[in-house]
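Q: Just dropping this structure here.
Number of protein chains: 2
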Amino acid sequence: MDSRQLLVETMGELMWERGYADTSPREVRQRSGVGQGSMYHHFPTKRDLALAALERNVADLLPGASELDGPGDPMARIEAYLMRPRDALKGCKVGRMTQDPQVREDPVLLAPVARAFAQVHLSWVNVLREAIAARELRDDLDPERLAHTLMAVLQGGYVLAIAQQDQGPFDDALAGALDLLRAAKPSVPNHKTNRSN
Amino acid sequence: MDSRQLLVETMGELMWERGYADTSPREVRQRSGVGQGSMYHHFPTKRDLALAALERNVADLLPGASELDGPGDPMARIEAYLMRPRDALKGCKVGRMTQDPQVREDPVLLAPVARAFAQVHLSWVNVLREAIAARELRDDLDPERLAHTLMAVLQGGYVLAIAQQDQGPFDDALAGALDLLRAAKPSVPNHKTNRSN
DNA sequence: GTCTATAGGGTGATAGAC
DNA sequence: GTCTATCACCCTATAGAC
């Protein structure tokens with residue numbers, strides 16, 4: 001692996017573990033083994049490196065969310081996505097960045113984060129629409145809202161888990177969300193939709 | 001106001017705005033107007049000051065959550081608590097701390113955060129139990145889980161709002177959670193409970 | 001592309017007079 | 001309790017040779 005890529009990966013890891021403000025170029029050099037000169041050759045400033053690392057972290061995460069788009073029963077996809085094993089104590093690579101003042105106040109650094117969330121939101125809206133169409137969810141629920149709710153459960157679950165230093169609250173939060181979704185099945189089948197789907 | 005109290009309040013504000021790691025004693029002195037000597041007289045280290053500020057921030061927040069405990073209809077209390085106006089772009093004074101590596105890795109600093117969340121969780125569990133007893137929620141829902149889910153919606157809502165620099169996703173997340181709760185009313189009244197309650 | 005050397009400014013204190 | 005002075009170290013680069 002070349003220096004450039006090594007730097008980006010190392011910075012990505014450190015930003016996940018420690019955030020942006022609290023990660024120094026020095027730590028990146030020490031962990032990656034890349035020298036001072038090389039680092040500043042590839043990335044004139046810490047911010048440039050952070051931007052590359054952030055984009056990499058976002059790219060890492062999006063494939064997972066596209067699990068929501070896959071084929072198959074919508075509620076089954078939702079369930080699979082929510083229940084996928086996650087290490088809650090590590091937090092979310094992307095969501096974490098919103099709490100770093102130096103990221104949050106820098107539109108350029110915040111942009112990849114905003115794009116990532118927007119894309120995941122889109123996947124959620126689609127699968128929720130499908131679930132409603134398939135009469136697995138009441139049709140008076142708003143997919144846009146609900147998408148935000150479910151994303152929030154995930155992001156907030158990390159916060160609860162870290163606060164308690166315990167995976168439990170995260171698992172509970174997701175399981176509880178799933179319980180609510182199951183409870184929101186239409187009580188009486190809708191009048192008319194496509195034959196099978 | 002005496003220097004000590006002024007320092008604690010200023011540190012509290014700065015930790016809310018910028019977190020712990022990224023707030024320097026110097027900023028605290030400049031914003032508060034308290035001199036170097038006074039500061040280190042009252043608080044030997046930055047960490048001591050942070051601990052006091054954290055406890056103050058927690059104490060600030062808990063009264064709000066006790067709105068859940070109040071008298072009146074349980075679902076109405078839940079609704080009032082969820083819909084209370086909040087500035088989503090500022091984030092949560094307490095939840096924010098979980099993303100600061102220097103707080104998260106320091107059991108002493110993390111303790112007030114953990115206690116605060118535990119206490120809010122308790123209030124949620126109680127009001128949810130009451131809502132189930134009052135047949136406002138299905139009795140197959142688990143109050144412990146659901147409490148974590150709803151706390152997560154709140155905490156995660158802040159993350160979404162900051163990512164998009166828009167209050168909207170936060171409001172959506174909460175409204176969506178409320179929609180789900182309303183959809184989780186028992187479809188047929190339970191067999192037997194207290195007469196009126 | 002990578003190396004070593006250097007630098008101005010901030011961080012988190014400590015010392016000691018008043 | 002509050003003040004000013006000082007300190008060792010770290011942060012984020014920049015310079016310039018190889």
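As given, the protein sequences belong to chains A and B, one line each in that order.
Sequential numbering of the first sequence, starting at 1, is according to the UniProt record's numbering.
Sequential numbering of the second sequence, starting at 1, is according to the UniProt record's numbering.
The C-beta atom is built at its ideal place from N, Cα and C for all residues, glycine as well.
Keep in mind that this is a model prediction, so the values were computed, not measured.
Going straight from the alpha carbon of residue 163 (chain A) to that of residue 73 (chain A), what length do you get?
A: Those two C-alpha atoms are separated by around 35 Å.
Q: Does DSSP put residue 191 (chain A) in a helix, a strand or coil?
A: With a pLDDT of only 49 at residue 191 (chain A), under 50, the local geometry of the prediction cannot be trusted, and no value is derived from it.
Q: Could you run through the stretch 115-134 of chain A and flag, in chain order, every residue whose CB is less than 7 Å away from some CB of chain B?
A: If the cut-off is 7 Å between Cβ atoms, the stretch 115-134 of chain A has 117 near chain B.
Q: Which chain B residues are close to residue 108 (chain A), counting only those with a beta carbon under 8 Å from its beta carbon?
A: The premise fails here: residue 108 (chain A) is roughly 13 Å from chain B at the closest Cβ pair, so nothing lies under 8 Å.
Q: Give the straight-line distance between the Cα atoms of residue 32 (chain B) and residue 55 (chain B), rounded to the nearest whole angstrom.
A: Cα to Cα, residue 32 (chain B) sits roughly 19 Å from residue 55 (chain B).
Q: Under 8 Å, Cβ to Cβ, is there at least one residue of chain A near residue 156 (chain B)?
A: Residue 156 (chain B) counts as touching chain A.
Q: Relative to the C-alpha of residue 9 (chain A), which residue among A:21, A:41, A:60 and A:35 is closest?
A: Ranking the options by Cα distance to residue 9 (chain A), first place goes to A:60.
Q: Among residues of its own chain, excluding the 5 on either side of residue 19 (chain A), which ones have a beta-carbon nearer than 7 Å to its beta-carbon?
A: Cβ neighbours of residue 19 (chain A) beyond the five flanking positions: 96 and 100.
Q: Measure from the C-beta of residue 151 (chain A) to each C-beta in chain B and report whether the shortest distance is under 8 Å.
A: Answer yes: the Cβ-Cβ gap between residue 151 (chain A) and chain B drops below 8 Å somewhere.
Q: Cβ of residue 53 (chain A) less than 8 Å from any chain B Cβ?
A: Cβ-Cβ to chain B under 8 Å: no for residue 53 (chain A).
Q: Give me the subset of the stretch 33-60 of chain B whose CB atoms are less than 7 Å from a CB atom of chain A, sorted by chain position.
A: Of all residues in the stretch 33-60 of chain B, none has a Cβ within less than 7 Å of some Cβ in chain A.
Q: Along chain A, in chain order, which residues have C-beta atoms closer than 8 Å to that of residue 74 (chain B)?
A: None at all; the shortest Cβ gap to chain A is about 16 Å.
Q: Starting from residue 51 (chain B), trace the alpha helix (DSSP H) in both directions and tell me its first and last residue.
A: Per DSSP, residue 51 (chain B) belongs to the alpha helix (DSSP H) from 46-65.
Q: If you run the structure through DSSP and keep just helix, strand and coil, what is residue 112 (chain A)?
A: Helix.
Q: What is the rounded straight-line gap between the Cα of residue 69 (chain B) and the Cα of residue 77 (chain B)?
A: Straight-line Cα distance between these residues: approximately 8 Å.
Q: With H, G and I counted as helix, E and B as strand and the rest as coil, what does DSSP make of residue 186 (chain B)?
A: In the structure shown, residue 186 (chain B) sits in coil (DSSP, three-state: anything other than H, G, I, E or B).
Q: Starting from residue 180 (chain A), find everything on chain B with Cβ-Cβ shorter than 9 Å and list it in chain order.
A: Within chain B, the residues near residue 180 (chain A) are 141, 146, 149, 177, 180, 181, 183 and 184.
Q: Is the separation between the beta-carbon of residue 183 (chain B) and that of residue 184 (chain A) shorter than 8 Å?
A: It is a contact, given that the beta carbons lie within the stated cut-off.
Q: Hey, does residue 78 (chain A) have any beta-carbon neighbour from chain B nearer than 8 Å?
A: It does not: the Cβ of residue 78 (chain A) has no partner Cβ on chain B nearer than 8 Å.
Q: Please name the residue, chosen from A:180, A:12, A:6 and A:156, that lies closest to residue 93 (chain A) on a Cα-to-Cα basis.
A: Ranking A:180, A:12, A:6 and A:156 by Cα distance to residue 93 (chain A) puts A:12 first.
Q: Answer yes or no: do residue 66 (chain B) and residue 123 (chain B) have a C-beta to C-beta separation smaller than 8 Å?
A: Yes; because the gap between Cβ atoms is below 8 Å, this pair is in contact.
Q: Under the assumption that residue 176 (chain A) contacts residue 149 (chain B) (Cβ atoms under 8 Å), give the Cβ distance between them as a whole number of angstroms.
A: Yes, they are in contact, since the Cβ atoms of residue 176 (chain A) and residue 149 (chain B) sit about 3 Å apart, within 8 Å.
Q: Is the CB of residue 6 (chain B) under 8 Å away from at least one CB in chain A?
A: No, its Cβ sits nowhere closer than 8 Å to a Cβ of chain A.
Q: How long is the line joining the alpha carbons of residue 128 (chain B) and residue 152 (chain B), rounded to whole angstroms?
A: For residue 128 (chain B) and residue 152 (chain B), the distance between alpha carbons rounds to 15 Å.
Q: Could you tell me if residue 120 (chain B) is buried or exposed, where buried requires 16 or more neighbouring beta carbons within 10 angstroms of its beta carbon?
A: Residue 120 (chain B) is buried by the Cβ-count criterion.
Q: Closest to residue 71 (chain B) by CA distance: which of B:187, B:126, B:15 and B:112 is it?
A: Comparing Cα-Cα distances from residue 71 (chain B) to each of B:187, B:126, B:15 and B:112, the minimum goes to B:126.
Q: Within the continuous alpha helix (DSSP H) that includes residue 99 (chain A), where are the two ends?
A: Taken as a continuous stretch (DSSP letters only), residue 99 (chain A) belongs to no alpha helix (DSSP H), as it is neither H nor E.
Q: Can you list, in chain order, the residues of its chain with a C-beta nearer than 6 Å to that of residue 53 (chain B)? Leave out the 5 residues immediately preceding and following it.
A: Here the set comprises 8, 11, 12 and 15.
Q: Rounded to whole angstroms, what is the Cα-Cα separation between residue 132 (chain A) and residue 142 (chain A)?
A: Taking the straight line joining both Cα atoms gives about 10 Å.
Q: Please go through the same chain and pick out, in chain order, the residues whose beta-carbon is closer than 6 Å to the beta-carbon of residue 4 (chain B), but skip the five residues on each side of it.
A: Only 42 meet the Cβ criterion.
Q: Mind checking residue 34 (chain A): buried by the 16 CB within 10 Å criterion, or exposed?
A: When all chains shown are included, residue 34 (chain A) counts as buried.
Q: Only counting runs of 4 or more residues, tell me where the alpha helix (DSSP H) segments fall wholly within the stretch 71-95 of chain B, in order along the chain.
A: Listed in chain order, the complete alpha helix (DSSP H) runs (minimum 4 residues) inside the stretch 71-95 of chain B are 74-83.
Q: What's the C-alpha gap between residue 29 (chain B) and residue 24 (chain A)?
A: C-alpha separation (whole angstroms): 25 Å.
Q: Measuring alpha carbon to alpha carbon, tell me which residue in B:166, B:135 and B:156 is nearest residue 181 (chain B).
A: Ranking B:166, B:135 and B:156 by Cα distance to residue 181 (chain B) puts B:135 first.
Q: Let me know the secondary structure DSSP gives residue 196 (chain B) once reduced to three states.
A: Because residue 196 (chain B) carries a pLDDT of 45, less than 50, the predicted location of this residue cannot be relied on, and the following value inherits that uncertainty. It is coil, neither helix nor strand.
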